[in-house]
Structure formats: C-alpha cells, structure tokens
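> In order, the protein sequences belong to chains A and B. In terms of this note's numbering, the first sequence opens at residue 2 and continues consecutively. In terms of this note's numbering, the second sequence opens at residue 2 and continues consecutively. Every residue gets a Cβ at the ideal spot worked out from N, C-alpha and C, and that includes glycine. Right, I'll just put the structure down here and ask away after.
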Amino acid sequence: MLTIFGPALYGQTDTSFFFTRVKQDSSKLKLNMDAVYNRPFLQMGKLPVSLGGYLEANSSYFSTDGISEGLSFQLPRLTMFMSASIRQRIKFMTEIEFEEGGREINIEFAALDLEFNPLFNLRGGVIMNPIGSFNQNHDGPKWEFVSRPISSTTIIPSTWSNVGFGLFGKYSKKNWVWAYEAYLSNGFDDKIINNNQNRTWFPASKANRERFEESFNGVPLKTLKMAIKHRKIAEIGVSWMGGVYNKFRDDGLVLDKKRPLNFIALDINSTILKDTYLNGEWVWAYVDVPDTYIQQFGSRQQGGFLDIVQPIKKGKMLGWSESVLNIALRLEYADYNVGNFQELGLRIADHVYALVPAISFRPSAQTVVRANYRYERRTDLLRNPASQTAGFQFGFSTYF
Amino acid sequence: MNSRLLIFTILLEAILIISCERITPRVPADDQILDGPIEGLTSAEKTRFLAGDVAFNDEIFTSETGLGSVFVATSCGSCHAGDGKGTLFTTLTRFGQSDDTGNKFLHLGGPQLQNRAIPGYTPESIPAGATFSRFTPPANTGLGFIEMVTDADILAMADPSDADKDGISGVPNYGDLPSFLNPLPNAVPKNGRYIHRFGKKAAAYSLLHQTVNAYSQDIGISSSFAPFDVYSGLEIDPEISTLTINNVVFYLQTLKAPIQRDQNDPQVKQGKQTFIELGCESCHKQTLKTGPSQIFALSNKTFHAYTDLLLHEMGGGLDDGYTEGSAKTSEWRTPPLWGLGLSPNSQGGQYFLMHDGRARSIEQAIEMHGGEATGSKNRFKQLAQSEQADLIKFLKSL
C-alpha cells in the first residue's frame, strides 16, 4: 500500500517529487507574441507534457462620488495551462481559465503549432488574436497592478480568442528580432451595438459562445501583427484586426450591407535608465454603425495605457533571495465615442481617465504581491460633471 | 535594512487602506444633486425606490429585450441624466395635432416621432402636412409632490376669464383617461374629462400615464397597460413587467424635491423679491401643497415648485402649431422652476431651456416669454443690470 500511495502522499507536500520546473530560456529574444509559451511550466519526469497555471486573488475598496459598497474580495481568475511536444517542431498548448470563482470557464487558447521553418509556422485551433500586446501577454503574475488596463479589456476585449488558423514566424540577427503573425478566425457579432452597456461595446461579443462553432456572418476576422525588437532599445508592435460584425445575409436573403469594424493598435515596451520598465499600448477602433441608430453607440473609440515600473530594491528580503520591490504608475484612458452629436454639434464625451500608483513585491519572478490606489474620472456622453471613483486594491498573482 | 523597508511599505499600505474613507471622493452635498429619495420613506419603500432606481437608470433595452423597432432612447436614464433635464440629443418630437379635436396623424406614427431604429428598420419621419413641436426631457425630481396636488387646489389657481384683470388666465388641460387609469379620489372632472398635469402641455394625467407612454413612445417597449408594438401598431405581449412599471412609478413619486441653495445670500433674497414684484409668481407659484397620499412621506406636505400646473398663452414666438389635449398651440404648462440651477449638471454644463431647449441661458428664456408673460418680461428688461443679476442668482439657487 505504501508503495502505491506513498509517492502520492509525499507528492502532496512536495511537488518536486513528481515535477521539475522547466526553466525559461532567457537567452533568446522574447516578444509579446511568445507570451503563450513564455511561462513557467512543471514537467513530470521525462513525459513530453508540461503543466502550469496561475491564480489571482485580490480585495478592493472603492468609492464612487462618496458612495462605497465597502470592502470586497475577488478571485478574478484561476488559469491552467498545459503544453505538449508531440514531435519535434509539433507543439500543442492550451490555456483554460476559470473566471470569477468558476462562474465562467473559457478555453482562451488551444492550438497546435507546426514549425516548417522559424519564419513559417502554422497555428490552428483557438488562437488569441494578436491585436496590441496585452491580449496575448495578459498573465496576471506579469503585471504590477491588480486590475487589467481599461482600454485592453473594453476596447480590445482581452482576452479575445477565436477559432482560426494562421501563420507566424520570426527572424533574428544579433540584437534584432522581427516577427509577424497573420490569422483568419471567427469574429465579432452585432452585440457590439446591441448590448446593455449603452455604448459600442466589443466585449459583448465574448458572450457569444457559438463563435467557437461557427462564424456569425461567414466573413473571417483578419488579424495581422508585426513586431520588431532590439535587445537594448525596445519592442514595438503594430497590429490590425478587421472584419464584418453584422449578419448581412441570412438563409440566402440579403438583410443589410456588410458593416465593417477595424482595430489598429500600437504597442511598445522598453527598459530605460538601466532598470525602469515602460510598457504601453494604444488602440483605435472603427465601426460602421448605421446612421439611423442612436449615437450613443459610437463609430470610433480609442484608448491606451502606459505602465512605468521602477524596482527600488532587489536582493534578499524577508528570506527570499531574489526578491524585488517595485513602485509603479499606470496612466490610462479610454474614449468610447469619438465624434460630435448630430443634434448639438458638440463633442461627445463618454470617456474615462485613470491614474494608478502601485507598489509590488516579488519574492520570486513568478509571484507578485501588489497594492495600488486607483483614481478614475468617468464623463458621460453629454459631458456632465464626471463621476469620481477612487479606492485601494490589494492582491497577489502567482504562477504555480 | 531591506526587510525594514518592506515592513515599512506594508505598514504604509495598511495605514492607507484603513484611512481609505478619507482619501476617496466625498459625497456631494444633498443640495447639489437631484437624485435621492424623499425623507421619511419606510424600509420597504426604500427597497422599492432602489428597485425603481435600477429599472430607471440601469436597465438598457436591446432588440432582444424589446427596444423599438423604432425608438428615441434606449433607457429612461438616457434622457434624464442624474434625474435632471435632458438635451437636444434626446429631445422628443411630437406631431399631428393642431387643435383640441385630437391628433389627425395617429395612423402615420403620431403623436411621437421615433427618429431612430434598430438595424434593418427605418425610423419614422414627420408626415407631410403635420405640424410638430420638440420637447426636451424635463427633470424628474419632486414629481410625487406635484402628482399629489389636489384638483381643487389647481382649480383655485385657475382664472380662465381673467376675472382679476391681471392679464394672467391659467387653465387646466382636461383630457380623457386611458383605460388603464383610474381617476384619483380627489379628481374634479369636467364633461367626463380629467385635469392632466405632467408634460410640456400637461397632457399626462399621472406618473403612471407618463411612464407607460414613455416606455411605449420613447423606447418602444410594450406593457400590460399599452400592449402595442410602436412600429407595427399590432397588439403584442408585454416587454416589461407590470411590477417594473410600478417600481419606476414609485421611484418617480419618491424622488426628492430639489433643495434650494444659498437661501440666505442677500443677492438671492433680493432676487426673490424682484421675482415676486415682476409678477413672475402669478404663474410660477412658489408654494403648493399635497393632499393625502398612500405614501405617508408625501401626504399633506408644503413644497416650493414655482408652478401652478396650468396652461398659459405664451405668444406667437412659442407657438409651434402643435398641441395636446385641450391646450391651444400657443399654450404651455408653467414649468416648475425648482432645480433650475442644477440643470447644467445634466445638460452637459450648459442650459437648454424652454420647451425645446432653444434658450441657452436663463436671460434668454425670460426674453422668450410672450403672451400672458409679456408684462413680466418687459419689467425684467427695464431692470438695472444689478437687479437682473439678483434675479438670475435667485433662479440659479432653486
């Protein structure tokens, strides 16, 4: 009995009995597009399967215009991932996320990669559309702030993944690396202008689970990204995602014209002044909203964020030998309706600004304990006095 | 050293979190906002108020939940931000009636233009030959008090034949009751018609009447009270529950009255005196009182809405050629002035006054008064600049 159950019992207290941690290869130039594999994994023996995941938990206290719902605790996500090397240059990777205590279970990524050449890889399955940087590089333990950036979750509806196929590749020479990604996938639907947010709201399409079975209108969503990086300077990415969101034809009947939507995103990250890390993303979104619909649903959106992270102490702290203490600041903005009122001729508002000073402590690279103050100003469509929200968030996020 | 720094940081964070109530936004003063319930509601009434608040301000209609197919707005809150006045963006257009014989364009989409449509549908346009008028959404506050003014009190303010020869001859708007409404116990009907009091032309009898019409005509939502599709005119199933309608009505009934600011400011006091001396109070009656109400907090209360709830002839400049009920095209119900100073908070920092938002300042609004109000307007124009400023400051304090 002990022979059978002994390892299992022992395994409950020391994962290293079964698993070994797969070290990340830091010698290669990694880009945001590599984020899906650039994660700590655990490998069992010599099996070609690696496991991993991360957990986020936090608490928050917010007050909007002086009214607070008090202190609350959240488990925004528990994510499991598994990768397998099927054969040489054939890899499979999946990421399954349990959100809000298991209320939602999403397959965020489940793709097979076939490498024909470093410049020519085929990927198929549930892919994360490479628009901006955050959508692909969104793991909680990589960020020093409790909340995800507003523009990356409400304009780009991260995590935005769809069934599709495409190509990607990289070319590197000395300190330079250049990469591309190009995918065709299922995409958005008309919920983006027919939702209970009362504005053009791209995340509304995430509620359509059928997009993993069939396209809403038969027109593939196209996503292209190019990124270039110099080891000592920066990584810059330019991406575009475009398609049609409405059902213009049903059962052979033409219902409407094709109504396009397009996203263009810029992302950049760099380390300056030796160890000050900058990371930012900006997105513009364009949607063909029918003229006869209400202007609350805007045809243009834009927004972005800039994170500045400064380590202030590195080394041994509280017994952890490779710990880091950071201070950080996030500036973010999202405008959900760029344009003017037809009736008033005045600029439409419907935007939000936020300022988030933070402090984070990393006892190891895989774990972050973080706290931030958040100040947010939201202005409604009509440019009435902004509502002010402020409060604290505290939490941790860790790979396991 | 490193550990000390870390502990210091954690302690600092802890202190910040403990003191978070001090560095988060403060509650605005009660007199600076329009929303919030009247005083004296029971716990059960507060719960009902909150349910109505959610339905009014948070419920956004989509095509799945009944929006349209033609409509003006997607929610109640779209037109009444912060329970205040609306702007030209959500201005309603009514058409098809030019006298007291009724609307001749009901078969062509009247009385209200639905100028927006869900994708795949075509919005309405004003039919040829129909006169029309535009109505900016009013503030919602204090409506429960206005609803509870007795017919007898309204009639006591009326002077249809100008018996007192002051040039002011207010009349009530008498209208038919839709089948889903029962007259209030204190109603004083005339030839089978009842005194209406809500809306620019006083064409709505009660808040239930107003609410049912707004869901139907503004958002395209059918209810058990008005089970019709606004696009096709066909009878359809209710798209909103009767409970929700009743909760919204309760919310409107129990929204607090605007609270006057700077009452003791000498300029405001002087402005109030000028307001009375100019004769403005002949129509904008300062004080009214409620009769008995099932909501105890509304029963037998005195309040200061600055209206007489009567129709007055306002001259050719404000005659759009469109009317409702028994009102003439140049007659308008005296709008309550309470909350006037807070209007910019819901109108994008600006004023859009008079029935269609054409006045961009209080001064402009006064100068657009005609008809029965011509005398008061002329007296205002003859005031010294400082006296005008006092009056404006008083009006902004409301």
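(1) Listing by chain order, which chain B residues have their CB less than 8 angstroms from the CB of R384/A?
(2) Mark K171/A as exposed unless 16 or more other C-beta atoms lie within 10 angstroms of its C-beta, in which case mark it buried.
(3) Hey, quick one: how far does the alpha helix (DSSP H) through D154/B stretch, first residue to last?
(4) Quick one: what's got a C-beta closer than 6 angstroms to N174/B's C-beta in the same chain, skipping five residues either side?
(5) Please list the terminal residues of the continuous alpha helix (DSSP H) segment that includes T212/B.
(6) Using a Cβ cut-off of 8 angstroms (strictly closer), state whether P128/B contacts chain A.
(7) Within the region 306-380 of chain A, note down every full alpha helix (DSSP H) run reaching 4 residues or more, in order along the chain.
(8) Would you list the residues sitting across from P38/B in a DSSP beta bridge?
(9) For the region 327-347 of chain B, enumerate the residues whose C-beta is nearer than 7 angstroms to any C-beta of chain A, in chain order.
(10) Distance cutoff 8 angstroms, beta carbons only. Does P259/B sit that close to anything in chain A?
(11) Could you say which of L399/B, T48/B and A360/B lies nearest to H285/B if we only look at CA atoms?
(12) Counting only Cβ pairs nearer than 9 angstroms, list the residues of chain A close to V1/B.
(13) What residue range is occupied by the uninterrupted beta strand (DSSP E) comprising F117/A?
(14) Taking 8 angstroms as the CB-CB limit, is G7/A close to chain B?
(15) Looking at the secondary structure, which residues open and close the beta strand (DSSP E) in which S186/A lies?
(16) Taking the alpha helix (DSSP H) that E1/B belongs to, which residues open and close that run?
(17) Tell whether a beta-carbon distance below 8 angstroms holds between S84/A and P158/A.
(18) Which residue's Cα is closest to the Cα of I363/B: A390/B, S347/B, G376/B and L109/B?
(19) Which residues of chain B have a Cβ atom closer than 9 angstroms to the Cβ of G244/A, listed in chain order?
(20) Are the C-beta of H81/B and some C-beta of chain A separated by less than 8 angstroms?
(21) Quick one: grab the DSSP three-state call for N195/A.
(22) Give the DSSP bridge partners of S242/B, in chain order.
(23) Apply the 10 Å Cβ neighbour rule to S143/B and answer buried if 16 or more other Cβ atoms are within range, or exposed otherwise.
(24) Just verifying my parser: in three-state terms, what is the DSSP assignment at M227/A?
(25) Answer yes or no: the CB of S86/A versus the heavy atoms of the ligand SAM, is any distance below 7 angstroms?
(26) Where does S240/A land, buried or exposed, given buried means 16+ other C-beta within 10 angstroms?
(27) Could you check if N373/A is buried or exposed, using at least 16 other CB atoms within 10 Å of its CB as the buried criterion?
(28) Would you decide whether H352/A is buried or exposed? Buried here means 16 or more other CB atoms lie within 10 Å of its CB.
(29) Near T16/A, which residues of its chain fall below 8 angstroms by C-beta distance, leaving aside the five closest residues on each side in sequence?
(30) Taking just the CA atoms, how far does V178/A sit from G167/A?
(31) In whole angstroms, what is the alpha-carbon distance linking S225/B and Q296/A?
Reading from the atomic positions:
(1) G349 and G350
(2) buried
(3) D152 to M158
(4) H197, A203, L312, G326, S327 and A328
(5) L208 to N214
(6) no
(7) none
(8) L256/B
(9) Residues passing the 7 angstroms Cβ filter: N346 and S347.
(10) no
(11) L399/B
(12) There is no way to answer for residue 1/B, as the model of chain B reaches only from 2 to 399.
(13) E105 to N118
(14) Since pLDDT at G7/A reaches only 38, below the 50 mark, its modelled position is unreliable, and the value read off the structure follows with that caveat. No - not a single Cβ of chain B is within 8 angstroms of the one on G7/A.
(15) W177 to S186
(16) Residue 1/B lies beyond the stretch modelled for chain B, which goes from 2 to 399, so this question has no answer here.
(17) no
(18) Selection A390/B, S347/B, G376/B and L109/B evaluated against I363/B yields A390/B as nearest (Cα-Cα).
(19) Near G244/A there are no residues of chain B at all, since even the closest Cβ is about 17 angstroms away, more than 9 angstroms.
(20) no
(21) Correct three-state label for N195/A: coil.
(22) Answer is none; S242/B lacks a bridge partner.
(23) It should be pointed out that residue 143/B corresponds to Gly in this sequence rather than to Ser. Classification of G143/B: buried, given that the 10 Å Cβ count is 16 or more.
(24) Taken through DSSP and simplified to helix, strand or coil, M227/A comes out as strand.
(25) This structure simply doesn't include the ligand SAM, nor any ligand for that matter.
(26) buried
(27) buried
(28) Under a 10 Å Cβ-count criterion, H352/A is classified as buried, with 16 or more other Cβ atoms of the shown protein chains found around its own Cβ.
(29) In this prediction, T16/A scores a pLDDT of 48, lower than 50, which makes its location untrustworthy; the coordinate-derived value is nonetheless stated afterwards. Hits under 8 angstroms: L43.
(30) 20 angstroms
(31) 30 angstroms
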